[in-house]
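Report on the structure given below.
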Amino acid sequence: MEQGQAGRRVRSERPSSRVGVPWWRDAVIYQVYIRSFADGNGDGVGDIAGIRSRLPYLAGLPVDAIWINPWYPSPMCDAGYDVSDFRAIDPVFGTLAEAERLIDEAHGHGLRVLLDIVPNHVSDRHAWFQAALAAGPGSAERARFHFRPGRGPDGGEPPNDWLSRFGGPAWTRVCESDGRAGEWYLHLFTPQQPDLNWDNPEVAQEFEDIMRFWFDRGVDGFRIDVAHGLAKAPGLPDAPGAPWPPDGPGNPPHPAWDQDGVHAIYQAWRRVADAYDPPRVFTAEAWVDGYERLTRYIRPDELNTAFNFDFLLAPWTAEALRRSITDGVAAHASVGAPPTWVLSNHDVAREVSRYARPQGTRELRHLDDLGGLPTDFALGLRRARAAALLLLALPGNAYIYQGEELGLPEVEDLPDEVIQDPVWEQSGHRERGRDGCRVPLPWSGGAPPFGFSPDGASAAPWLPQPAHWAGLSVAAQEGDPGSMLGLYRDALRLRREHPALGDGAIAWVSAAEGVLAFRREPGFACVVNLSEEAQDLPLSGEVLMSSAPLEGERIASDSAVWLAV
Ligand code: NOJ
Numbered sequence: 152m153e154q155g156q157a158g159r160r161v162r163s164e165r166p167s168s169r170v171g172v173p174w175w176r177d178a179v180i181y182q183v184y185i186r187s188f189a190d191g192n193g194d195g196v197g198d199i200a201g202i203r204s205r206l207p208y209l210a211g212l213p214v215d216a217i218w219i220n221p222w223y224p225s226p227m228c229d230a231g232y233d234v235s236d237f238r239a240i241d242p243v244f245g246t247l248a249e250a251e252r253l254i255d256e257a258h259g260h261g262l263r264v265l266l267d268i269v270p271n272h273v274s275d276r277h278a279w280f281q282a283a284l285a286a287g288p289g290s291a292e293r294a295r296f297h298f299r300p301g302r303g304p305d306g307g308e309p310p311n312d313w314l315s316r317f318g319g320p321a322w323t324r325v326c327e328s329d330g331r332a333g334e335w336y337l338h339l340f341t342p343q344q345p346d347l348n349w350d351n352p353e354v355a356q357e358f359e360d361i362m363r364f365w366f367d368r369g370v371d372g373f374r375i376d377v378a379h380g381l382a383k384a385p386g387l388p389d390a391p392g393a394p395w396p397p398d399g400p401g402n403p404p405h406p407a408w409d410q411d412g413v414h415a416i417y418q419a420w421r422r423v424a425d426a427y428d429p430p431r432v433f434t435a436e437a438w439v440d441g442y443e444r445l446t447r448y449i450r451p452d453e454l455n456t457a458f459n460f461d462f463l464l465a466p467w468t469a470e471a472l473r474r475s476i477t478d479g480v481a482a483h484a485s486v487g488a489p490p491t492w493v494l495s496n497h498d499v500a501r502e503v504s505r506y507a508r509p510q511g512t513r514e515l516r517h518l519d520d521l522g523g524l525p526t527d528f529a530l531g532l533r534r535a536r537a538a539a540l541l542l543l544a545l546p547g548n549a550y551i552y553q554g555e556e557l558g559l560p561e562v563e564d565l566p567d568e569v570i571q572d573p574v575w576e577q578s579g580h581r582e583r584g585r586d587g588c589r590v591p592l593p594w595s596g597g598a599p600p601f602g603f604s605p606d607g608a609s610a611a612p613w614l615p616q617p618a619h620w621a622g623l624s625v626a627a628q629e630g631d632p633g634s635m636l637g638l639y640r641d642a643l644r645l646r647r648e649h650p651a652l653g654d655g656a657i658a659w660v661s662a663a664e665g666v667l668a669f670r671r672e673p674g675f676a677c678v679v680n681l682s683e684e685a686q687d688l689p690l691s692g693e694v695l696m697s698s699a700p701l702e703g704e705r706i707a708s709d710s711a712v713w714l715a716v
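Residue numbers (our numbering): 152 to 716.
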């Protein structure tokens with residue numbers, strides 16, 4: 152047992168070699184996309200009651216913590232990332248009292264709880280933005296946001312040339328109280344998500360209070376939404392010729408993204424989190440250009456961890472993955488932070504479907520990137536199994552997005568009329584967006600809602616589940632050692648018990664072309680064959696587990712093996 156929040160204890164079954172290592176350095180964290188995880192009240196939308204009922208499942212996988220996507224009151228223009236009140240729960244998900252019970256019960260199961268904090272923007276229904284609209288130009292209320300007069304003779308042009316991350320201009324003009332078109336406000340996402348002005352000390356104060364509100368309720372930390380967006384370059388200058396999306400990896404610097412001013416914000420946040428016992432923690436969602444920029448966010452006095460999206464986006468080739476891992480491990484070591492490995496989340500196409508396509512010819516991030524390419528789902532699943540063993544053998548912490556443990560593919564054929572992602576409208580129906588990775592989980596049964604909602608539910612799941620998901624449900628995979636769920640369970644259990652896994656170092660072992668092999672001490676090795684042929688294992692040892700049967704003594708193509716060496 153380890154000490155959790157005062158009065159609560161969080162169970163830990165870590166090997167003795169890892170006792171004393173802060174939990175977040177080697178944790179496996181399960182992302183609960185709340186609206187699609189489990190529906191307790193039968194309205195077709197996942198909720199807190201659903202999560203509470205599935206805590207034994209999560210604890211039994213086993214994982215160490217859960218990250219819950221935004222559950223705050225919201226008009227849901229961007230699936231809850233348009234928050235209208237950070238200190239309450241949207242009625243579609245439950246109540247604050249239920250949230251408090253969930254936090255306690257999760258701790259009782261040995262699970263830490265991370266929430267999602269959305270500091271770059273609020274909903275346009277948030278009291279602050281409503282007050283800003285009412286108060287008018289030059290007011291203290293508008294100074295919490297980025298309001299500016301327009302350009303051009305009648306102020307009819309946006310104040311600068313920035314584009315929204317979802318397409319279209321990043322500015323919307325408001326109608327003032329006299330009925331005339333007036334100032335413009337900045338929104339890096341939808342017009343319903345006005346950006347906050349982090350140069351205003353009131354904004355910083357408010358978020359510190361919000362964090363304390365949840366930390367005082369036992370929350371163990373936050374995933375920070377758009378962590379690289381809060382600080383804007385002084386004067387909000389134009390960014391002529393900037394590619395779209397402006398925060399893509401490899402893109403030139405942009406005055407809206409990854410500004411150095413952001414780091415003072417996180418130094419202050421770290422002081423808030425460190426004042427708790429045990430200290431609370433942060434994970435940054437920061438789509439920045441390369442590891443040097445990324446690891447600035449996790450210097451010793453800033454955030455604890457940051458998602459490694461370079462690894463997520465790397466194609467399934469030995470060369471790309473070796474480079475991503477080597478550079479990532481070195482960069483993280485230089486700031487003393489553990490790497491945070493992730494293969495997918497609620498914003499990217501599921502890896503079974505990404506890996507089902509030819510690799511390395513173009514970036515495969517969203518559903519829209521997958522179209523028109525030859526597809527082999529059996530191969531995608533086989534690679535995703537191998538990727539799971541790679542992910543869980545790497546040093547540091549790892550995130551699993553709900554449904555990865557079931558091998559769910561992207562749902563690529565959602566009918567137009569059910570699409571809810573604002574990207575669909577904002578791109579003028581050119582991009583279908585992210586709903587394909589957000590389809591509600593199949594738990595059991597032969598037909599939708601596959602146990603996602605209780606029997607007799609009043610509404611169908613908020614996105615339709617494919618009929619063929621019957622075979623992918625938790626119940627269908629349970630007890631089948633050859634299933635994806637069986638693979639994840641075995642790997643997670645082994646990872647928890649094995650003293651070499653989690654935080655630490657890796658040493659590459661030389662291997663045939665197309666094969667990745669590394670050792671972790673004491674006595675562990677992971678070998679991944681990304682070539683098209685079976686290969687000799689580059690080191691001998693007892694096979695602990697493998698993602699596909701060995702071919703005699705050889706590791707099969709597109710598979711991974713864990714060895715005791
Ligand atoms: C990143 C979130 O993960 C995504 O779902 C959301 O649309 C944007 N940030 C805006 O908050």
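Positions of the beta carbon are idealized from the N, C-alpha and C atoms, including for glycine.
Quick caveat, the model's predicted, so the values are computed rather than measured.
### Task
Please indicate yes or no: does the CB of ASP376 lie closer than 7 Å to some heavy atom of the ligand NOJ?
Flag set: Cβ of ASP376 near the ligand NOJ.
### Task
Classify MET152 as buried or exposed, calling it buried when 16 or more other Cβ atoms lie within 10 Å of its own Cβ.
Any reading at MET152 needs caution, since the residue's pLDDT is 35, under 50, leaving its predicted position unreliable; the model's value is listed next. Under this definition MET152 is an exposed residue.
### the stretch 531-538 in contact with the stretch 500-518 per 3-pair CB rule at 8 Å
yes
### Query
For the ligand NOJ, any of its heavy atoms closer than 7 Å to the Cβ of PHE340?
yes
#### Entry: Endpoints, alpha helix (DSSP H) assigned at LEU209
206-211
### Query
Nearest to PRO717 by alpha carbon, out of ASP329, GLU582, PHE458 and VAL432?
The structure shown does not extend to residue 717, since the chain is modelled only from 152 through 716, so no value can be given for it.
### Message
Judging by CA-CA distance, which residue of HIS379, TRP467 and MET227 is the nearest neighbour of GLU502?
### Response
TRP467
### Task
Classify LEU714 as helix, strand or coil using the three-state DSSP reduction.
strand
### Task
Indicate whether PRO345 and HIS272 have their beta-carbon atoms separated by less than 8 Å.
yes
### Query
Short check: CB of ILE375 to CB of THR434, under 8 Å?
yes
### Query
When the Cα of SER708 is compared with those of PHE244, PRO573, ASN680 and HIS277, which residue comes out closest?
Answer by Cα proximity: ASN680.
### Task
Under 8 Å Cβ to Cβ from TRP492, same chain only, skipping five residues before and after it: list those, please.
ASN459, PHE462, LEU542, LEU545, GLY547, ASN548, ALA549 and TYR550
### Message
Using only the alpha-carbon positions, how far apart do TYR639 and PRO612 sit?
### Response
26 Å
### Query
Would the beta-carbon of SER504 fall within 8 Å of that of GLU436?
The Cβ atoms of SER504 and GLU436 do not sit closer than 8 Å to each other.
### Message
On a Cα-Cα basis, can you pick out the residue from GLY399, PRO300, HIS277 and ARG331 that is closest to TRP322?
### Response
PRO300
#### Entry: Alpha-carbon to alpha-carbon, SER609 and LEU449
Contrary to the premise, residue 449 reads as Ile rather than Leu in this sequence. The alpha-carbon atoms of ILE449 and SER609 are separated by roughly 46 Å.
### Message
Within the continuous alpha helix (DSSP H) that includes ARG363, where are the two ends?
### Response
352-366
### Query
If you drop the 5 nearest sequence neighbours on each side, which residues of the same chain put their C-beta closer than 8 Å to that of ILE657?
ILE476, VAL480, LEU545, PRO546, PHE669, ARG670 and ARG671
### Message
Using C-beta distances below 6 Å, list every residue in its chain close to ARG176, excluding the 5 sequence neighbours before and after it, in chain order.
### Response
PRO489 and ASP654
### Query
What is the C-beta distance between ILE254 and ARG368, in whole angstroms, given that I count them as a contact (C-beta under 8 Å)?
6 Å
### Query
In whole angstroms, what separates the C-alpha of ALA720 from that of GLY318?
Nothing in the structure corresponds to residue 720, since the chain is present only between 152 and 716.
### Query
Can you tell me whether DSSP reads VAL243 as helix, strand or coil?
coil
### Message
For TYR552 and LEU464, what's the separation of their Cα atoms in angstroms?
### Response
15 Å
### the ligand NOJ heavy atom lying under 7 Å from the CB of ASP241
no
### Query
Heavy atom of the ligand FAD less than 7 Å from the Cβ of HIS497, yes or no?
The ligand FAD is not part of the structure shown, which contains the ligand NOJ as its ligands.
#### Entry: Three-state secondary structure (DSSP) of PRO573
helix
### Message
In chain order, what are the residue ranges of uninterrupted beta strand (DSSP E) at least 3 long that sit wholly in the stretch 642-677?
### Response
Secondary structure within the stretch 642-677: the beta strand (DSSP E) runs of 3 or more consecutive residues, fully enclosed, are 666-671 (chain order).
### Query
Is it buried or exposed for HIS297, if we count other Cβ within 10 angstroms and need 16 for buried?
Counting of Cβ neighbours within 10 angstroms places HIS297 among the buried residues, the total reaching 16 or more.
### Extent of the continuous beta strand (DSSP E) run through GLN510
The continuous stretches of beta strand (DSSP E) do not include GLN510, and DSSP gives it neither H nor E.
#### Entry: Cβ shell of VAL234 (< 8 Å), same chain only, five flanking positions each side left out
Beyond the five residues adjoining it in sequence on each side, VAL234 comes within less than 8 Å, by CB distance, of PRO221, TYR223, PRO224, SER225, VAL269, VAL273, SER274 and HIS277 in the same chain, given in chain order.
### Task
Taking only runs that begin and end inside the stretch 285-340, name each unbroken beta strand (DSSP E) of 3 or more residues, in chain order.
322-326 and 332-337
### Message
DSSP three-state label for ASP428, please.
### Response
Coil at ASP428, not helix or strand.
#### Entry: Bridge partner(s) assigned by DSSP for ASN548
Per DSSP, the beta-bridge partners of ASN548 are THR491.
### Query
In the DSSP assignment, what are the bridge partners of GLY372?
Its beta-bridge partners are LEU265 and VAL432.
### Message
Please state whether the Cβ-Cβ distance between VAL183 and ILE219 is less than 8 Å.
### Response
For VAL183 and ILE219, yes; Cβs fall inside 8 Å.
### Query
In three-state terms, what does DSSP make of GLY558?
Reduced to three states, the DSSP call for GLY558 is coil.
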